[in-house]
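> Listed in order, the protein sequences are those of chains A and B. Note that numbering that gives the first Met the number 0 has the first sequence beginning at 0, numbered continuously upward. Note that numbering that gives the first Met the number 0 has the second sequence beginning at 0, numbered continuously upward. Yeah, the Cβ is synthetic: ideal placement off N, Cα and C, and Gly gets one too.
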Amino acid sequence: MDGQDILARLTARFGARIVEAHDHRGDSTAVVDRAALLELLWFCRDEPDLRFNVLMDLTAVDYAKFPGKEDGPRFEVVYHLYSLPGNHRIRVKVRVEEDDPVVASATPLWSSANWFEREVWDMFGIRFDGHPDLRRLLMYEEFQGHPLRKDYPINRRQPLIGPKN
Amino acid sequence: MGLGSFFTGKLDEAIGWSRKYSIFQYPFVTACCGMEYMATACSHYDIDRFGAGLPRFSPRQADVLFVVGTISHKMAPVLKRVYDQMCEPKWVVAFGVCTCTGGFYDNYATVMGIDTLIPVDVYIPGCPPRPESVIDGLMKLQEKIATGVQRY
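(1) Check the Cβ of residue 161 (chain A) against every Cβ in chain B and list those closer than 8 angstroms, keeping chain order.
(2) Residue 89 (chain A) by DSSP, collapsed to three states: which one?
(3) Name the residue from A:113, A:148 and A:121 whose alpha carbon lies nearest to the alpha carbon of residue 139 (chain A).
(4) Under 8 angstroms: do the stretch 123-133 of chain A and the stretch 94-114 of chain A share three or more Cβ pairs, one atom per stretch?
(5) Identify the contact partners of residue 98 (chain B) in chain A, using a Cβ-Cβ distance below 8 angstroms as the criterion.
(6) Give a yes or no on whether the minimum CB-CB distance between residue 143 (chain A) and chain B is below 8 angstroms.
(7) Have a look at A:64, A:72 and A:14 and flag the residue whose alpha-carbon is nearest the alpha-carbon of residue 97 (chain A).
(8) What is the DSSP secondary structure of residue 110 (chain A), counted as helix, strand or coil?
(9) Compute the Euclidean distance between the alpha carbons of residue 128 (chain B) and residue 118 (chain A), then round it to the nearest angstrom.
(10) With distances taken between CB atoms, is the gap from residue 120 (chain B) to residue 148 (chain B) smaller than 8 angstroms?
(11) Run down chain B in chain order and give the residues with a C-beta less than 9 angstroms from the C-beta of residue 155 (chain A).
(12) Quick one: give me the first and last residue of the alpha helix (DSSP H) that residue 76 (chain B) is part of.
(13) I need the straight-line Cα distance from residue 85 (chain A) to residue 79 (chain A), nearest angstrom please.
(14) According to the neighbour-count rule (16 or more other Cβ atoms, all chains shown, within 10 Å of its Cβ), is residue 39 (chain A) buried or exposed?
(15) Where do the ends of the alpha helix (DSSP H) carrying residue 196 (chain A) lie?
(16) Could you compute how far the alpha carbon of residue 77 (chain A) sits from the alpha carbon of residue 15 (chain A)?
(17) According to a CB-to-CB cut-off of less than 8 angstroms, which residues of the stretch 114-128 of chain B neighbour chain A?
(18) Just verifying my parser: in three-state terms, what is the DSSP assignment at residue 141 (chain B)?
(19) Got a sec? Which residues, its chain only, sit under 8 angstroms from residue 115 (chain B) by beta carbon, not counting five neighbours each side?
(20) Answer yes or no: do residue 130 (chain B) and residue 69 (chain B) have a C-beta to C-beta separation smaller than 8 angstroms?
(21) What in chain B is Cβ-close to residue 139 (chain A), meaning under 8 angstroms?
(22) Leaving out the 5 sequence neighbours to the left and right, which residues in its chain are closer than 8 angstroms to residue 101 (chain A) when beta-carbon positions are compared?
(23) Check whether the stretch 21-31 of chain B and the stretch 67-82 of chain B are in contact - that is, three or more C-beta pairs closer than 8 angstroms.
(24) Does any residue of chain B bring its CB to less than 8 angstroms from the CB of residue 146 (chain A)?
(25) Leaving aside the five residues before and after residue 36 (chain A) along the sequence, list all residues of the same chain whose C-beta is less than 7 angstroms from its C-beta, in chain order.
(26) Residue 94 (chain B): which of B:18, B:123 and B:63 sits nearest, CA to CA?
In structure tokens:
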């Protein structure tokens, strides 16, 4: 299926809960309402003609200080899905407010989401509801803050930590 | 100079001479500088000529700690632990700009020079340093070992 067909399937199924959908040079993106995220991911994975069985990537974007997006939701969590049987792709985005940075975990659908979500928690401080073990992935436990947030000062240095037993 | 200090002086010289030609280094390799370390250690440049041909991969058997490559804050406690496990007398070589100063990594993750963690004897700059400068650093270290105060 090509991107426009996939987007048509999703908008037919989810209607207004797809906040925005666009297809640019073969890259199709659906921005979904946060409440409908998990349902949409289940649909993408299990619908017989979609069958997105690979979660290629899961990451986030911080739009603080981004020109034109100062007022909108601060974060976007981005899912890149790929279907091996159908050889097609889609990008799903969900917008997250700064004062409630929680998204439903995709670990029940794809186990590869486990470490991706830990990385997003580590770097952006977005929590994933239902994740089995949401610890930092790259940084160490004593690290304060989330370094890929745009308000993390570029020259901030963390105190050195000593040896642990 | 009394006779006693004459003999301890000569003994210091002899021990310094023997120590400088029996360097057992611990290569703490974390990044791309490791390639240059390997090139220096292999037959073409051959640091065995300086008595430093046998790297020991246990800190308890090593005299010189070669810190080769970027040290992140997460790695810092490990480096400190390895240094603490080495027996006296011990020396430390900072290999490459990342270990000397942090290099071009000016960010939240990188330690700005390992001398914020452990004492350093010789700094070898370069990104990565050429084998010639590694050998130069090694010879400077030998000089320091031979002429320094010998503790035994």
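Reading off the structure:
(1) Locating residue 161 (chain A) in the first sequence gives position 162, counting from the first residue. Going along chain B in sequence order, the residues near residue 161 (chain A) (Cβ under 8 angstroms) are 76 and 79.
(2) Counting from 1 along the first sequence, the entry for residue 89 (chain A) is found at position 90. Residue 89 (chain A) falls in the strand class under three-state DSSP.
(3) Here residue 139 (chain A) refers to the residue found at position 140 when the first sequence is read from its first residue. Of A:113, A:148 and A:121, the residue nearest in Cα terms is A:121.
(4) yes
(5) As a working mapping, residue 98 (chain B) is identified with position 99 in the second sequence. Under the 8 angstroms cutoff, chain A gives no residues; its nearest Cβ is about 15 angstroms from residue 98 (chain B).
(6) For the purposes of this step, residue 143 (chain A) is identified with residue 144 of the first sequence, where counting begins at 1. Answer no: the Cβ-Cβ gap between residue 143 (chain A) and chain B never drops below 8 angstroms.
(7) Taking the first residue of the first sequence as position 1, residue 97 (chain A) is located at position 98. Closest by alpha carbon: A:72.
(8) Reading the first sequence from its first residue, position 111 is the one you call residue 110 (chain A). Note: residue 110 (chain A) maps to coil in three-state DSSP.
(9) As a position in the second sequence, residue 128 (chain B) is number 129, starting the count at 1. As a position in the first sequence, residue 118 (chain A) is number 119, starting the count at 1. Going by the C-alpha atoms only, they are around 33 angstroms apart.
(10) Working through the second sequence from its first residue, we reach residue 120 (chain B) at position 121. Working through the second sequence from its first residue, we reach residue 148 (chain B) at position 149. Against a cut-off of 8 angstroms, the Cβ pair of residue 148 (chain B) and residue 120 (chain B) comes out as no contact.
(11) In the first sequence, counting from the first residue as 1, residue 155 (chain A) sits at position 156. What residue 155 (chain A) touches in chain B: 107.
(12) For the purposes of this step, residue 76 (chain B) is taken as the residue at position 77 of the second sequence. Per DSSP, residue 76 (chain B) belongs to the alpha helix (DSSP H) from 75-84.
(13) Along the first sequence, read from residue 1 onward, the residue named residue 85 (chain A) stands at position 86. Along the first sequence, read from residue 1 onward, the residue named residue 79 (chain A) stands at position 80. Between residue 85 (chain A) and residue 79 (chain A), the C-alpha separation is close to 15 angstroms.
(14) Taking the first sequence and counting its residues from 1, the one referred to as residue 39 (chain A) is at position 40. Flag for residue 39 (chain A) reads buried.
(15) Past the boundaries of the shown model lies residue 196 (chain A); chain A is included only from 0 to 164, so the question cannot be answered.
(16) The sequence position of residue 77 (chain A) within the first sequence is 78, counting from 1. The sequence position of residue 15 (chain A) within the first sequence is 16, counting from 1. Taking the straight line joining both Cα atoms gives about 19 angstroms.
(17) 115 and 116
(18) Within the second sequence, residue 141 (chain B) is the residue found at index 142, counting from 1. Looking at residue 141 (chain B) - three-state DSSP - the assignment turns out to be helix.
(19) Translated into the one-based positions of the second sequence, residue 115 (chain B) becomes position 116. Contacts found: none.
(20) Position 131 of the second sequence holds residue 130 (chain B). Position 70 of the second sequence holds residue 69 (chain B). Cβ distance not < 8 angstroms, so residue 130 (chain B) and residue 69 (chain B) don't count as in contact.
(21) The count along the first sequence starts at 1 and reaches residue 139 (chain A) at position 140. Going along chain B in sequence order, the residues near residue 139 (chain A) (Cβ under 8 angstroms) are 72 and 73.
(22) Along the first sequence, one-based indexing puts residue 101 (chain A) at 102. 95, 125, 126, 127 and 128.
(23) yes
(24) Residue mapping note: residue 146 (chain A) aligns to position 147 of the first sequence, counting from 1. Yes, because at least one Cβ of chain B sits closer than 8 angstroms to the Cβ of residue 146 (chain A).
(25) Taking the first sequence and counting its residues from 1, one reaches residue 36 (chain A) at position 37. Only 93, 102 and 103 meet the Cβ criterion.
(26) One-based indexing of the second sequence puts residue 94 (chain B) at position 95. It is B:123.
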